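A.B. asks:
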Amino acid sequence: MTCRWIDICPLRKLEQEGQISQRWKKEYCESKNSWRNCKRFRLEGKNIPHPDNMLPDGTIKEKE
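So in the numbering used here, the last spot in the sequence shown is 58, and the numbers never skip.
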């Protein structure tokens, strides 16, 4: 099972722009269970705002 937000997650745009590696998508979003550990997923589930450039591990990707 993949993350239910995979298609609308702002990280897809960062991947397309070459700002982040597809590694995040593979390790979290498309994994069988690791998506549950995604900080973005957890915050979204609690309706807590978070920046679009927050990576699944909770770090913030600085804009280039």
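Even glycine gets a Cβ: it sits at the ideal position worked out from N, Cα and C. It should be emphasised that the depicted structure is a prediction, and the values quoted were computed from it without experimental measurement.
Closest to THR(-4) by C-alpha separation, out of GLU24, TRP18, SER15, would be which residue?
C.D. replies: GLU24
A.B. asks: Tell me whether the beta-carbon of LYS57 lies closer than 8 Å to the beta-carbon of ASN47.
C.D. replies: yes
A.B. asks: Please report the residue range of the alpha helix (DSSP H) in which GLN13 lies.
C.D. replies: Element bounds for GLN13: n/a, residue is neither H nor E.
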